[in-house]
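J.: Under our numbering, the first residue of the sequence shown carries the number 164, and numbering increases by one thereafter.
No residue lacks a Cβ here, since even glycine has one placed at the ideal position from N, Cα and C.
Values in this document were obtained by computation on a predicted structure and should not be read as measured data.
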Amino acid sequence: MLGFGGCHQKAVMQKKPDLQDKQVTQGQPAAAPAPDPQCQQDEADIKSAVRQLYKWYHTQGVSVDFPHTESGDFFTGLDEGAFELRVQQLKDSGLFTQAFLDNYTKIGHEIHRRLRTKEMIYEAGYTPPYGNGANPWTNSLDVSSDTYWNEIRIENVVTRGNRAVLTWSWPGNYREMRITKAVCLQKAEKAVIIESADYQIEVVKENDRWKITRMQGFDFKTFFPQ
């Protein structure tokens, strides 16, 4: 069977030990596989990418994600010109993949369609009839501090090839972001999604740089109530 571990050099085929092996190794703990330098570097780069994401968002990217047009007391659609500028701002940051931008744009267009057709009614001053009422970037109403990107804790990082999935949570006390678990599943195409109550992000490595390709708060399937 194949064994996997956190940033191990490689998965190794385990053989059934013979009697002599048992006599030699009985009572002795198995030696830990050597760390994989590339995996360790990926962990550090992914951690940095998440920090950069939230630092950029807090210092440069805070803006209305889906700006509306208004008629009287109701929003009637998306301000398409302002929305195009918002998408361009995300693109110019260099932090996101085209897949993220496409999904973000798809959400905006769906908001516009539903408001135009009155499938959704959005009255000014009320919670939007989409999303979950929180900031989709963090799934919360506030942040822990003005430098929260240094405080959030990454609970899991799972990499597989050039993709990785992680979850982060707000700290119980303020401290540097840290990785508490990392498992590298090398030479495969898609990441294993971790089911977690914490905020989930997926990243993809493009041209030797990790970029954001999916964020839990912008999941199209859950963004609109059924």
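Identify, in the order they occur along the chain, each residue of the same chain with its Cβ nearer than 7 angstroms to the Cβ of Asp382, setting aside the five sequence neighbours on each side.
T.: In the sequence shown, counting from the first residue as 1, residue 382 sits at position 219. Answer for Asp382: no residue qualifies.
J.: Is the segment 247-259 touching the segment 276-283 in the sense that three or more CB pairs, one from each, lie closer than 8 angstroms?
T.: no
J.: Can you find the residues in the same chain that come closer than 6 angstroms, C-beta to C-beta, to Arg377, ignoring five residues on each side of it along the sequence?
T.: On the sequence shown, residue 377 is found 214 positions in, with the first residue counted as 1. Correct list, in chain order: Glu365.
J.: Please go through the same chain and pick out, in chain order, the residues whose beta-carbon is closer than 7 angstroms to the beta-carbon of Glu339, but skip the five residues on each side of it.
T.: By one-based count along the sequence shown, residue 339 stands at place 176. Here Glu339 scores only 35 on pLDDT, less than 50, and its place in the model is too uncertain to base an answer on.
J.: Can you tell me where the alpha helix (DSSP H) holding Ile375 begins and where it ends?
T.: Locating residue 375 in the sequence shown gives position 212, counting from the first residue. Not the alpha helix (DSSP H): Ile375 falls in the beta strand (DSSP E), residues Arg372 to Met378.
J.: Where does Leu258 sit, in a helix, a strand or coil, going by DSSP?
T.: Along the sequence shown, read from residue 1 onward, the residue named residue 258 stands at position 95. Leu258 falls in the coil class under three-state DSSP.
J.: Using the three-state DSSP reduction, which class does Ile284 fall into: helix, strand or coil?
T.: As a first step, residue 284 is located in the sequence shown; it is residue number 121 there, counting from the start. DSSP places Ile284 in coil when its eight states are reduced to three.
J.: Who are Trp331's beta bridge partners in DSSP?
T.: Translated into positions along the sequence shown, residue 331 becomes position 168. Ile317 and Tyr362.
J.: I want to know whether the segment 223-230 touches the segment 238-251 - three or more CB-CB distances under 8 angstroms.
T.: yes
J.: Exposed or buried, which one is Leu304 when buried takes at least 16 other CB atoms within 10 Å?
T.: Taking the sequence shown and counting its residues from 1, the one referred to as residue 304 is at position 141. Answer is exposed; the Cβ neighbour count stays below 16.
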